[in-house]
Structure formats: C-alpha cells, structure tokens
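Undergrad:
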Amino acid sequence: MCLTIKKRFDYIVAQKLQLELSKLVSFEPIEVQDIEVIVATDVGYKGSKGVGVAVAYDAEKRREICHVAIVDDIDIPYVPGLLAFREAPLMTGAIKELSARCVDADVVMVNGHGVSHPRKFGIASHIGVVLDKPSIGIAKKLLYGSIVLDDKRREAIVVDGSIVGYVAKNIHGGSVYISVGHRLTPENALIITESVWNKHYPLPDPLYIADNLTKKLRSKIR
DNA sequence: GCGACAG
DNA sequence: ATCTTGTCGC
Numbered sequence: 007m008c009l010t011i012k013k014r015f016d017y018i019v020a021q022k023l024q025l026e027l028s029k030l031v032s033f034e035p036i037e038v039q040d041i042e043v044i045v046a047t048d049v050g051y052k053g054s055k056g057v058g059v060a061v062a063y064d065a066e067k068r069r070e071i072c073h074v075a076i077v078d079d080i081d082i083p084y085v086p087g088l089l090a091f092r093e094a095p096l097m098t099g100a101i102k103e104l105s106a107r108c109v110d111a112d113v114v115m116v117n118g119h120g121v122s123h124p125r126k127f128g129i130a131s132h133i134g135v136v137l138d139k140p141s142i143g144i145a146k147k148l149l150y151g152s153i154v155l156d157d158k159r160r161e162a163i164v165v166d167g168s169i170v171g172y173v174a175k176n177i178h179g180g181s182v183y184i185s186v187g188h189r190l191t192p193e194n195a196l197i198i199t200e201s202v203w204n205k206h207y208p209l210p211d212p213l214y215i216a217d218n219l220t221k222k223l224r225s226k227i228r
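Each number in this note's numbering corresponds to the 1-based position in the first sequence with 6 added.
As structure tokens, this is what we get:
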C-alpha cells in the first residue's frame, strides 16, 4: 500500500481558501454587557507536538472558571499569514472540549490576528467562522495594515481603508494589536479586551492565563 | 530583486 | 513559537 506518503502543505490552496472564507466574516455589533464567558485560546510546542489550551473566564467576576488542554502532532509548517492551518485545529479542539465539559463561550479571544491580515482572515477569524462564535484577535506584533489615529485619537489598525481594530498598551508601554475576528465590531473588540485586562500584565487576563498555561504544560509533553 | 513576515 | 544563564532593576 501507499504508506507514509505525505503531501506537503499547499499554501496556494490555503490562500485561496482564506480569500473565500473571508467573505463569511461578519462585523455585526454585539451587546458587550451580555457577555458572561470569554474563552481564551493559545498553543505551545514541544518538538513536533503541540498543546492547545482553552481557558474559560468569567467576565463579571474577572476570574478563571475552568480550562482544558489537548495534545496532538503538528505537521503544518509556520508560514506568516497561514498560521491558522497550523494552530487552529488544536484551538478549536480545545474550545469544543471545554464547551462539552465545562462552559460554552460567549466570545472567543485568540492569540493571533483577526482581519488585520493580508487576506482579511487571520486565525481569530478562522476560528470564529468555524465555530460560528464572536471572536477577537490579539497579537503582540502587527502583521498587516497601518496605524492611524481615529476620531477619538485612539490608535486604530486600518486595512483596505477601514478600521479593523485598535492598538492598546499596558502601563509599561507594551502593545497589543486587537482586531475583529468575527461577529463583532472593532470597538466591541477593544471594549471587551480592555474590560478584562489588568494592565500590569502584558496580555488581557484570559489570554495571559492561557499563555502561561501553555508554557507550563509544554514542559510536560514528551 | 528587496524587504517584511502573527505564532 | 522555541533554544537558554546570568543578570539588571524594582
């Protein structure tokens, strides 16, 4: 039989898929006050293995509710712009597991960009569309787009002439690039993110917890 | 061709 | 992302 014949990652097809799926992204506003559960997701690596974590966070009490982690092989390479094909499976897997075992998310916070992306379909949008959930992209570096001041003098991220997100900083000057993933507005994404961010830390609370969990669990894989 | 390039 | 010891600073 045809054993161990691996096809390599076709980034041309992957890019076309992103262009198609980007048409499904919604910017419809949501009611921020109605958000109770924020689920943050991140991925860590150990050789060819990856650990995907999903952390449920109580937006009102501002504390973790529960979390889950799953491990699997990572066989797609990292290519800027195509991060979702490498990490989204672990993230959606962890989020579904969390939903089945603990609580379902009202909004998902992803470590990576949303529509501040060359094809308007970063990993946060990918996850939002796949799960049909409102989602927010949070990244530590800008991938695509330009920074301009909006009418309220906030630093906005502009792609194709429209605002898709904002830059926010902690008390130490560390930046975070926030963008729409799916089913919310740039302003919704900004408000939600700032409402759960203890700015003494580098990332909004839910993601910071997920990020730390990722590093902690990474050393336990083998 | 050159430089840029999430995690 | 990950590889990595000590070291500067609050």
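For glycine and all other residues, C-beta sits at the position ideal for the given N, C-alpha and C.
1. Within the same chain, show all residues whose beta-carbon is closer than 6 Å to that of Ile36, passing over the 5 residues directly before and after it, in chain order.
2. Contact defined as beta carbons within less than 8 Å: I believe Gly180 pairs with Pro208. What is the distance between those atoms, to the nearest angstrom?
3. Bridge partners of Gly56, per DSSP?
4. What number of angstroms, rounded off, separates the C-alpha of Leu148 from the C-alpha of Ile11?
5. Going by DSSP, name the residue or residues bridged to Leu155.
6. Flag this pair as touching only if the segment 156-164 and the segment 210-227 have three or more C-beta atom pairs under 8 Å; answer yes or no.
7. Considering just the uninterrupted stretch of the beta strand (DSSP E) at Ser141, what are its terminal residues?
8. Suppose the cutoff is 6 Å on Cβ atoms and the five residues either side in sequence are ignored; what does the same chain contact list for Lys126 look like?
9. Taking the alpha helix (DSSP H) that Gly179 belongs to, which residues open and close that run?
10. Quick one: residues in its chain with C-beta nearer than 8 Å to the C-beta of Gly99, no 5 flanking neighbours on either side, listed in chain order?
TA: On the basis of the coordinates in this document:
1. Position 30 of the first sequence, counting from 1, holds the residue named residue 36. The residues are Pro140, Leu190, Asn194.
2. Taking the first residue of the first sequence as 1, we reach residue 180 at position 174. Taking the first residue of the first sequence as 1, we reach residue 208 at position 202. Yes, Gly180 and Pro208 are in contact; Cβ-Cβ is about 5 Å, under 8 Å.
3. Residue numbering aside, residue 56 sits at position 50 when the first sequence is read from its first letter. Answer is Tyr51, Asp78, bridged to Gly56.
4. As a first step, residue 148 must be located in the first sequence, where it is residue number 142. As a first step, residue 11 must be located in the first sequence, where it is residue number 5. If I take the Cα positions, the gap works out to 37 Å.
5. To locate residue 155, count along the first sequence from 1; it is residue 149. Partner(s): Glu161.
6. no
7. Taking the first residue of the first sequence as 1, we reach residue 141 at position 135. First-last of the beta strand (DSSP E) with Ser141: 141-145.
8. For the purposes of this step, residue 126 is taken as residue 120 along the first sequence, with counting starting at 1. Ser28, listed in sequence order.
9. Mapped onto the first sequence, residue 179 falls at position 173. Counting along the chain, Gly179 falls outside any alpha helix (DSSP H), and DSSP gives it neither H nor E.
10. Here residue 99 refers to the residue found at position 93 of the first sequence. Correct list, in chain order: Gly58, Ile76, Asp78.
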